[in-house]
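Protein chains in written order, with full-length UniProt numbering: chain Z, 1 to 342; chain H, 1 to 342. Backbone N, C-alpha and C define an ideal beta-carbon position, used for all residues, glycine too.
Number of protein chains: 2
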Amino acid sequence: MSEVQRATIQDVALLSGLSICTVSRALRGLPNVSEAAQAKVAGAAAKLGYVASAAASRLAGGSTRSVAIITPTATTWFFAHAVEAAEQVFADSGLDTMLISLRNDPAVHSRIFADLSGLAQKVDGVLLLNVELTEGQIHALDASSLAVASVGMHDVPWDNVGIDNVQAARTATEHLLDLGHWDLAILCDREKGARSVLTATDRLRGFTEALAGHDLTVDADLVVGAPSTIDGGRRAMSELIENRRVPTAVFAGCDETAFGAMAALREHGLSAPRNISIVGLDEHPMSHFLGLSTVQQPVADQGAFGANLLVERLHNPETAPEPASHLLPTSLMVRDSSRRRR
Amino acid sequence: MSEVQRATIQDVALLSGLSICTVSRALRGLPNVSEAAQAKVAGAAAKLGYVASAAASRLAGGSTRSVAIITPTATTWFFAHAVEAAEQVFADSGLDTMLISLRNDPAVHSRIFADLSGLAQKVDGVLLLNVELTEGQIHALDASSLAVASVGMHDVPWDNVGIDNVQAARTATEHLLDLGHWDLAILCDREKGARSVLTATDRLRGFTEALAGHDLTVDADLVVGAPSTIDGGRRAMSELIENRRVPTAVFAGCDETAFGAMAALREHGLSAPRNISIVGLDEHPMSHFLGLSTVQQPVADQGAFGANLLVERLHNPETAPEPASHLLPTSLMVRDSSRRRR
DNA sequence: CTGAAAGCGCTTACAG
DNA sequence: CTGAAAGCGCTTACAG
Numbered sequence: 001m002s003e004v005q006r007a008t009i010q011d012v013a014l015l016s017g018l019s020i021c022t023v024s025r026a027l028r029g030l031p032n033v034s035e036a037a038q039a040k041v042a043g044a045a046a047k048l049g050y051v052a053s054a055a056a057s058r059l060a061g062g063s064t065r066s067v068a069i070i071t072p073t074a075t076t077w078f079f080a081h082a083v084e085a086a087e088q089v090f091a092d093s094g095l096d097t098m099l100i101s102l103r104n105d106p107a108v109h110s111r112i113f114a115d116l117s118g119l120a121q122k123v124d125g126v127l128l129l130n131v132e133l134t135e136g137q138i139h140a141l142d143a144s145s146l147a148v149a150s151v152g153m154h155d156v157p158w159d160n161v162g163i164d165n166v167q168a169a170r171t172a173t174e175h176l177l178d179l180g181h182w183d184l185a186i187l188c189d190r191e192k193g194a195r196s197v198l199t200a201t202d203r204l205r206g207f208t209e210a211l212a213g214h215d216l217t218v219d220a221d222l223v224v225g226a227p228s229t230i231d232g233g234r235r236a237m238s239e240l241i242e243n244r245r246v247p248t249a250v251f252a253g254c255d256e257t258a259f260g261a262m263a264a265l266r267e268h269g270l271s272a273p274r275n276i277s278i279v280g281l282d283e284h285p286m287s288h289f290l291g292l293s294t295v296q297q298p299v300a301d302q303g304a305f306g307a308n309l310l311v312e313r314l315h316n317p318e319t320a321p322e323p324a325s326h327l328l329p330t331s332l333m334v335r336d337s338s339r340r341r342r
Numbered sequence: 001m002s003e004v005q006r007a008t009i010q011d012v013a014l015l016s017g018l019s020i021c022t023v024s025r026a027l028r029g030l031p032n033v034s035e036a037a038q039a040k041v042a043g044a045a046a047k048l049g050y051v052a053s054a055a056a057s058r059l060a061g062g063s064t065r066s067v068a069i070i071t072p073t074a075t076t077w078f079f080a081h082a083v084e085a086a087e088q089v090f091a092d093s094g095l096d097t098m099l100i101s102l103r104n105d106p107a108v109h110s111r112i113f114a115d116l117s118g119l120a121q122k123v124d125g126v127l128l129l130n131v132e133l134t135e136g137q138i139h140a141l142d143a144s145s146l147a148v149a150s151v152g153m154h155d156v157p158w159d160n161v162g163i164d165n166v167q168a169a170r171t172a173t174e175h176l177l178d179l180g181h182w183d184l185a186i187l188c189d190r191e192k193g194a195r196s197v198l199t200a201t202d203r204l205r206g207f208t209e210a211l212a213g214h215d216l217t218v219d220a221d222l223v224v225g226a227p228s229t230i231d232g233g234r235r236a237m238s239e240l241i242e243n244r245r246v247p248t249a250v251f252a253g254c255d256e257t258a259f260g261a262m263a264a265l266r267e268h269g270l271s272a273p274r275n276i277s278i279v280g281l282d283e284h285p286m287s288h289f290l291g292l293s294t295v296q297q298p299v300a301d302q303g304a305f306g307a308n309l310l311v312e313r314l315h316n317p318e319t320a321p322e323p324a325s326h327l328l329p330t331s332l333m334v335r336d337s338s339r340r341r342r
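As structure tokens, then:
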């Protein structure tokens, strides 16, 4: 069965009694095809189970019927779920998806973006997940023949979806302020400078704004850099406890950082919320079980939304509206790790 | 720069002063090419930064220079890491990787395996990660033109890599027995019957064998089915506590199941190891932080190993040895969740 | 060892 | 609205 010869456009032409070029046009929904012809072709194609050869179509100048997902890594909670949700949308749209993980490796990153024409030869479009890009790379992508959409990026000339990180961080911080805390630390990652991704920067800003709203200023000693991982959080919290000052509450830039912080607390004979109130940002599945208060952000939804944005562009290359940036809502989840200051 | 016209085989032929067919042969390392020609072609190709068009190459009957990873899901810890490790091997070998997530959806599963000739048109080979296959599907794959390799599968006619699940489960169980426990429960997933994946079945077997080694038999009441997720573990442990009997020790088929079990314990005012000793299997990054005793299994290594197996087959289609099954080692990690029976 | 020719299955102008 | 022709960039026999 898998060895049966595949039907070609020739077969469809023969069966429908039309030329292959009319078949080609009909199948792609191009104008200048009579309804009668359209119907005959559709019938013949269906009967033969015809699917155009991706290779031939691509070589002749048509589409590849495939897209690439470019992600900083495929292993963390956020990216794994975003990738799977996007892949589902692409598969349901009849598109194959090529996975490109940058693996947080600058060499891989530059290799990919230095050969956009190579990429454009293999896929029709790309979905970027929080990819840090230089101005030059943004322009090159925009000028390429590739359709582009992204998740979690800033100020880019294509469709984007994300959350309002400033707002989310402010919500988390205000939750702590509302509980009577005024001595707050933040454990958060830091961007290296590419202005296309400002996730961590925005979270720090939301924290700062929330404090300012209560006439408080940020204590530089209580701002500690932390990679968005469990181990990053553990180290950051240890740094706070051992070398700086222990505040009464902590905002962790993401849940995994918060988990690490809770582990560090335990290692020092402390715990949340007894000694420190702590709140994260993500709503990782472990948060529920660890009783972590956090700000939930939709993850599969962002991946699927971004994928749909790309599919739209692919379907209506010309008629599509101006690129826009969409924000999805977040919401506070109060659990045991945060409580009123005594 | 991304708009520069791509070099074609014609350009290489012109620059090297040879015909395109000699160039084609030289580039693919085929026999019957003089050393002089080989050198000229290599030089010209390098100078032009020539890379063969995947579409043209495929259409003419050559390779696609891409492979597919087929995985039950891309979101769980194990599969996310295996996918990324495999993708890295493929990328480093110059292969593009297509990601196909079955999303635990039987409809997607059968759609994919019903159209192997469609798949074979797009990729040269597939890496299967714990994919449940019927006899018919195994034969169809084996008879197809696709190169195949797998991770975590059983009794398949192609190269495979995995761990000895019976042994790993026995190690976990014997750890509990050695601590003086003799009243043991197991929380573990169950295969639906496809003999190509026996992970859960083998873990239950290892548990049973370990007990038998101490002249103990399995209490059917203490064998509870649990999907390999946090929530699955939570429910399974609740079932044990509420409707069955509370043993003194529990072997959870995977770490995520163990996390859920620990959460359920807490919800019932119990905890490990105070009331119950618990041991998992995986060595998930959270295990260290939650103090979970577990049996470590290599995850990125399995993905990379499987990918290399596939790359080997692709490079030496004929000369390669008989398909073999490789087992990677596991090891016990003792932490706080298990202790001597009082 | 090397090259001329045909063909893979499509799409794109260009005629009708 | 429809079709004949050329061509996309390779590889595969087949001659030399």
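Please return the same chain residues whose Cβ sits closer than 6 Å to the Cβ of E209 (chain Z), not counting the five positions on each side in sequence.
R170
L99 (chain H) and I69 (chain H): beta carbons closer than 7 Å?
Yes, these two residues count as a Cβ contact at 7 Å.
At a Cβ threshold of 7 Å, is S277 (chain Z) touching chain H?
No, its Cβ sits nowhere closer than 7 Å to a Cβ of chain H.
For M333 (chain H), which residues does DSSP report across the bridge?
According to DSSP, M333 (chain H) bridges with H:T294.
Out of curiosity, what's the CA-to-CA distance linking P321 (chain Z) and V33 (chain H)?
54 Å
Here's a check: name, in chain order, each residue in its chain whose Cβ is nearer than 6 Å to the Cβ of S145 (chain Z), leaving out the five neighbours to either side.
The residues are A120.
Short of 7 Å Cβ to Cβ, which residues in the region 33-62 of chain H face chain Z?
V51, S53, A54, A55, A56, R58, L59
May I ask which residues mark the beginning and end of the alpha helix (DSSP H) holding S238 (chain Z)?
230-243
In the structure shown, what three-state DSSP assignment does M262 (chain H) receive?
The answer is helix: DSSP assigns M262 (chain H) an H, G or I state.
Whose C-beta lies closer than 6 Å to the C-beta of S331 (chain H) among residues of the same chain, with five residues either side of it excluded?
Q296
Hey, A226 (chain Z) and T257 (chain Z): beta-carbon distance below 7 Å or not?
yes
When DSSP labels each residue in this structure, what does N308 (chain H) get in the three-state scheme?
helix
Name the residue from H:N104, H:C254, H:A37, H:E312 whose alpha carbon lies nearest to the alpha carbon of S16 (chain H).
H:A37
Counting beta carbon pairs with one atom in the region 296-305 of chain Z and one in the region 68-84 of chain Z, are three or more of them shorter than 8 Å?
yes
Verify the CB distance criterion: does M333 (chain Z) have a CB-CB separation below 7 Å to chain H?
no
According to DSSP, simplified to helix, strand and coil, what is T97 (chain Z)?
strand
Taking the DSSP output, what are the residues bridged to A36 (chain H)?
Note: A36 (chain H) is not bridge-paired with any residue in the DSSP secondary-structure output.
Between the C-alpha atoms of R28 (chain H) and G49 (chain Z), what's the straight-line distance to the nearest angstrom?
So the alpha carbons of these two residues sit roughly 34 Å apart.
Taking C-beta to C-beta, are G232 (chain H) and R340 (chain H) nearer than 7 Å?
no
Assign H315 (chain Z) to one of two classes, buried (16 or more other C-beta atoms within 10 Å of its C-beta) or exposed (fewer than that).
exposed
First and last residue of the alpha helix (DSSP H) that includes V83 (chain H)?
77-92
Is any beta-carbon of chain H found at less than 7 Å from that of R6 (chain Z)?
yes
How is L184 (chain H) classed by DSSP in three states: helix, strand or coil?
strand
Just the Cα atoms here: how many angstroms apart are P298 (chain H) and L204 (chain H)?
For P298 (chain H) and L204 (chain H), the distance between alpha carbons rounds to 20 Å.
Determine which residues of the region 131-161 of chain H have a Cβ less than 7 Å from any Cβ of chain Z, and write them out in chain order.
Contact residues of the region 131-161 of chain H toward chain Z are A140, A143, S144 (C-beta to C-beta distance below 7 Å).
Report the option in H:R58, H:G253, H:D183 whose CA atom is closest to the CA atom of E191 (chain H).
H:G253
Look at the alpha carbon of E312 (chain Z) and the alpha carbon of E174 (chain H), and state the distance between them as a whole number of angstroms.
One alpha carbon belongs to E312 (chain Z), the other to E174 (chain H), and they sit about 56 Å apart.
I'd like to know whether the C-beta of E283 (chain H) is nearer than 7 Å to at least one C-beta of chain Z.
no
Less than 7 Å separating the beta-carbons of residue 343 (chain H) and E132 (chain H)?
Residue 343 (chain H) cannot be examined here, being either before or after the span of chain H that is shown, 1 to 342.
Do L309 (chain H) and A149 (chain H) count as a contact pair if the criterion is CB distance below 7 Å?
yes
From what residue to what residue does the beta strand (DSSP E) around V23 (chain Z) run?
It is not in any beta strand (DSSP E) - V23 (chain Z) instead sits in the alpha helix (DSSP H) that spans 20-27.
The region 286-303 of chain H: which residues have C-beta closer than 7 Å to a C-beta of chain Z, in chain order?
Residues passing the 7 Å Cβ filter: M286, F289.
Could you name the residues of chain H that S338 (chain Z) contacts, counting a contact when the two beta carbons are closer than 8 Å?
Those do not exist, as S338 (chain Z) stays about 18 Å from chain H at its closest Cβ, beyond 8 Å.
Starting from the beta carbon of F259 (chain H), find every residue of chain Z whose beta carbon is closer than 8 Å, and list them in chain order.
M286, F289
Note the first and the last residue of the continuous beta strand (DSSP E) segment covering D159 (chain Z).
159-163
By alpha-carbon positions, which one of Z:S325, Z:R234, Z:R274, Z:G269 ends up nearest to A249 (chain Z)?
Nearest in C-alpha terms to A249 (chain Z), of all of Z:S325, Z:R234, Z:R274, Z:G269, is Z:R274.
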